[in-house]
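The numbering used here numbers the first residue of the sequence shown as 1143 and each following residue consecutively. For glycine and all other residues, C-beta sits at the position ideal for the given N, C-alpha and C. The structure under discussion appears below in the form of structure tokens.
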Amino acid sequence: MKRQFHNSSSTKHKPTSFPMLSHKLSVKNPSKSTKWLISLVMLILLHLVSSSNAALSLREFLLDHLRVHSLPFREDSRHGNKPMLKEYDFIVVGAGPAGCVVTNRLTENPDWNILLLEAGDEESVITDIPEIAHYLQFSRYNWNFSTEFQPGACRGLNNERCPWPSGRAVGGGSVINNNIYTRGNPNDFDRWLEAGNEGWGYADVLPYFKKSEDIDVPELKRSEFHGVGGYLNVDYSPFKSKLLDAFLESAPEVGLNLTDYNSPDGNVGFSRIQATIQFGRRHSASQAFLVPIADRQNFHVMKKAHVTKILIDRNTKRAYGVEFTKNRKKRVVYAKKEVILSSGAFFSPHLLLLSGIGPRDQLEKFNIPVVADLQVGENLQEHPAFASLAFTVNRKVGLISDRIYSNLAKEVFKSFTNQGWTTSLGCEGLGYVRTKYNNYPPGVPDIEYIFVPAGLASEEEKGLSLLRKTMGIPDGTFNEIFRGIKNKDAWSIWPMLMYPESRGYVRLKSADPFVYPAVQSNFFQDPLDLLRIVEGIKMVIELSQTKAFQKYKSKLSTRILPACKKFDYGSDEYWGCCVRQLTMQMHHQCGTCKMGPRGDRTAVVDPRLRVQGGIKGLRVIDSSIMPTITGGHTVAPSYMIGEKGADLVKEDWLQNQSFDLVDNKFGPGNQIVTNSKPSSQSSISDLDFTNAAASSNFDLRSVKPSSSQTVNRRGVFKPFGFAQNNGFTGSYFDSAPNGFSTNNQNKSPFNPFVQFYGRSW
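So, in structure tokens, the structure goes:
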């Protein structure tokens, strides 16, 4: 019997049966294009069915199809076209933002072999669409964690628990997030430095932020605080609503400026969102850092590989490999130099605990031999928020379902040319403000505004309500507080607490590696956290009265939340009750393998990210090492941690070798690479980047018969030699990123079919 990674707090979804439709949709050995077409039809039908009872059942069936299949292109791929080695120099566990960066940078040394293990699957064309990120919460790309019960938060949500998404894919959380690129405040990193973490101050980490980045915002290209030529594309969404203009215009009315929040002087103010998108589509960690290096022969990416234990010699305390399960078989692979955990704030501590590294009492409870008694799993931090404010307007300027889904197929194909609402992030603007409870230095805000040109009820007309379902809001509660404004033009601002004082934890529920760990947020355990977010709500309501918003007659929906009716509407007590009832988290979990200097009893890793307690050959490089959470969305710091962590590994193993600084598309500015150049031969086994040109979807209309194409590290096509492939004149990586161009200087998409169909991770 196949063992499933399971969450004891979740319930199984029972799909609705439509035998005739299922038979019609069953295709024997479907091609990539057939799978893409079937799933696209499913997505369109999902939005177009009416709200009748029969249609609701059909909708459940369609949604189930997306949950189960999520457009897999290579369901049967295993180890690709070469066998897995018995031993690698480095084993990286987890292909999230940090893990992809680490793999990319370590493979710059052609003398090293790297194995990247990922429990999740590859991406799909659906994951490329930024606006529907909330759909992905219901797919195989989400681990579907929930918080443990807590008396002070999540009380009005399903099962009185907050859903807590965590990415499960080649690309990790960057496959299911909202693509928001915020680095945090300079003070965040200077606090790390002051705590004894040498080399982690703002001046130290800024070059690593720039190293990854290729800023595509025209007015920021010359900024000394942004990078050009890196792997990760950062841009504005092509879609911009009129309500975003109102949000930005409101800033001067409350004494704030429009800023670049990723510069050290722009941390208080309003801005359009800088996002990890390229040509209006998601630019994930895998697309940015793995796809462009497909010609390197010295690494192996293995998906659907569940790592269950780190192998550690109990005498020497050296990590020498990992155990993992793939295709229901237990496997072992060895590391000559290091095992690197990049599994995120839930699974990096989980693996350490399963391997005997963690609090002694917790390990002994499950009869796990203690290798090192460290505070693994403690210090969990997250950004709580409140998303249930809604302000109606008197014009058709918002994102509502009966308008944007009225011709979904047309909108999807408009996205091929970098247009339409599908290129939207869902949210459009950010604001950074200081409340009266702010006790941080000047220039450090304590609340982030997330501006959304819609309310939670704006998609209700089609009966979907997927966004609010991702938050766990029950039907009865939702209908009570949003009655009368469903599918109405509206906007919302979600106030997010930037620096929570409360701390949670990750702990074992079992010694079985296939049982989820317990995750407890302890939201609002510190009263100051609640005071700050309530003040943020009141400031949002004041903002709605500015001239910029009142030109649309913005009006707060004032239906009372039943669980809070004993308090006066609008009072601090009322809003505090609402926040405790309808708590939202931002899937910014971090801090569970805390970085700290030797002698810090709460630290798990040292400033070089090596696991403490006398352990050798084992590092953690991901968001779990953050001593304190950064002031913003955590994916950008995760990329930075990956960049700096990779350099720390290089420094420790290549102290006597020289490096070159290169500044071109094959080596982004400030990038340290070895003098040796990697081979151009492709050998990424589990991803099997071959034969895409043989697909009937590969469109060569814009390619001259006598030329060929290859992909550089930015994922942009350039002329290079030519290969014959199954009758097609051309060579092409099976997993090339979306939005490439035949002209290295022209980033305009040249062919929608190549962009959307060409990749098959």
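Look at the Cβ atom of Q1667, then the Cβ atom of T1289, and state whether they are nearer than 8 Å.
No, these two residues do not count as a Cβ contact at 8 Å.
I'd like to know if the stretch 1499 to 1519 and the stretch 1777 to 1794 are in contact, where contact means that at least 3 CB-CB pairs between them fall below 8 Å.
Not touching, per the Cβ criterion.
Give the straight-line distance between the Cα atoms of D1503 and G1519, rounded to the nearest whole angstrom.
If I take the Cα positions, the gap works out to 13 Å.
F1389, buried or exposed, once every other Cβ within 10 Å from all chains shown has been counted against 16
So F1389 counts as buried.
Specify the secondary structure class of M1737 as computed by DSSP and reduced to three states.
Three-state result, M1737: strand.
State whether the stretch 1672 to 1687 contacts the stretch 1524 to 1533, with contact taken as three or more CB pairs (one from each stretch) at a distance under 8 Å.
Between the stretch 1672 to 1687 and the stretch 1524 to 1533 there are three or more inter-stretch CB-CB distances shorter than 8 Å, so the stretches are counted as touching.
From which residue to which residue does the alpha helix (DSSP H) around D1789 run?
Element bounds for D1789: V1777 to W1795.
Is C1296 helix, strand or coil when you go by DSSP?
Per DSSP, reduced to three states, the secondary structure at C1296 is coil, with no helix or strand assignment.
Go ahead and pull the three-state DSSP assignment for E1336.
Judged by DSSP in its simplified three-state form, E1336 adopts helix.
Helix, strand or coil for A1427, going by three-state DSSP, please let me know.
Residue state, collapsed to three classes: helix.
What does the alpha-carbon distance come out to for the pair L1335 and G1343?
Our two residues, L1335 and G1343, have alpha carbons roughly 5 Å apart in a direct line.
Taking the alpha-carbon of V1243 as reference, which of F1466, S1426 and K1446 has the nearest alpha-carbon?
For V1243, the nearest C-alpha among the options comes from S1426.
What does the alpha-carbon distance come out to for the pair L1362 and K1478?
Here the alpha carbon of L1362 sits roughly 43 Å from the alpha carbon of K1478.
Which runs of the alpha helix (DSSP H) at least 4 residues long sit entirely within the stretch 1497 to 1542? Give them in chain order.
Qualifying alpha helix (DSSP H) stretches, in chain order: 1502 to 1507.
Candidates T1577, Y1350 and K1451, of which the one nearest D1671 by Cα
Selected option, being the one with the closest Cα: T1577.
Distance, K1651 Cα to L1685 Cα:
Whole-angstrom Cα-Cα distance: 45 Å.
Going by DSSP in three states, L1390 sits in which element: helix, strand or coil?
When secondary structure is reduced to three states using DSSP, L1390 falls in the helix class.
From the DSSP output, read off the bridge partner residues of R1460.
DSSP, once it has assigned bridges, lists K1758 as partnering R1460.
Bridge partners of H1368, per DSSP?
For H1368, no pairing in a beta bridge is given by DSSP.
Taking the DSSP output, what are the residues bridged to R1752?
DSSP, once it has assigned bridges, lists R1761 as partnering R1752.
Going by C-alpha distance, which of F1421, L1483, P1434 and V1777 is nearest H1448?
Comparing alpha-carbon positions, the option among F1421, L1483, P1434 and V1777 lying closest to H1448 turns out to be L1483.
What residue from Y1373, R1456 and I1357 has the CA that sits closest to I1415's CA?
Checked all of Y1373, R1456 and I1357; the closest Cα to I1415 is I1357.
Do you know how far the Cα of V1746 is from the Cα of R1247?
Here the alpha carbon of R1247 sits roughly 24 Å from the alpha carbon of V1746.
Quick one: complete beta strand (DSSP E) runs, 3+ long, within the stretch 1658 to 1730?
DSSP runs (the beta strand (DSSP E)) wholly in the stretch 1658 to 1730: 1660 to 1662.
Would you call the stretch 1318 to 1335 and the stretch 1768 to 1782 touching, i.e. three or more CB-CB distances under 8 Å?
A contact exists between the stretch 1318 to 1335 and the stretch 1768 to 1782.
So is I1702 buried or exposed if we call it buried at 16+ other beta carbons inside 10 Å?
Exposed, because fewer than 16 other Cβ atoms sit within 10 Å of the Cβ of I1702.
Endpoints, beta strand (DSSP E) assigned at P1637
For P1637, the enclosing beta strand (DSSP E) begins and ends at A1632 to L1639.
Nearest by alpha-carbon distance to Y1647: which of S1490, G1718 and T1458 is it?
For Y1647, the closest alpha carbon among the candidates S1490, G1718 and T1458 is that of S1490.
With three or more C-beta pairs closer than 8 Å as the rule, is the stretch 1486 to 1501 touching the stretch 1688 to 1708?
With the rule of 3 Cβ pairs closer than 8 Å, the stretch 1688 to 1708 does not count as touching the stretch 1486 to 1501.
Pick out the complete alpha helix (DSSP H) segments inside the stretch 1253 to 1323, 4 residues or longer, and give them in chain order.
The stretch 1253 to 1323 contains no whole alpha helix (DSSP H) run of 4 or more residues.
Could you give the DSSP three-state label for R1610: helix, strand or coil?
Of the three classes helix, strand and coil, the one that applies to R1610 here is helix, per DSSP.
Tell me which same chain residues have a C-beta within less than 7 Å of the C-beta of K1689, skipping the five on either side of it?
Around K1689: E1395.
Per DSSP, what kind of secondary structure is Q1416 in: helix, strand or coil?
Residue state, collapsed to three classes: coil.
Is the distance from the Cβ of A1295 to the Cβ of R1761 below 8 Å?
Not a contact, by the Cβ cut-off of 8 Å.
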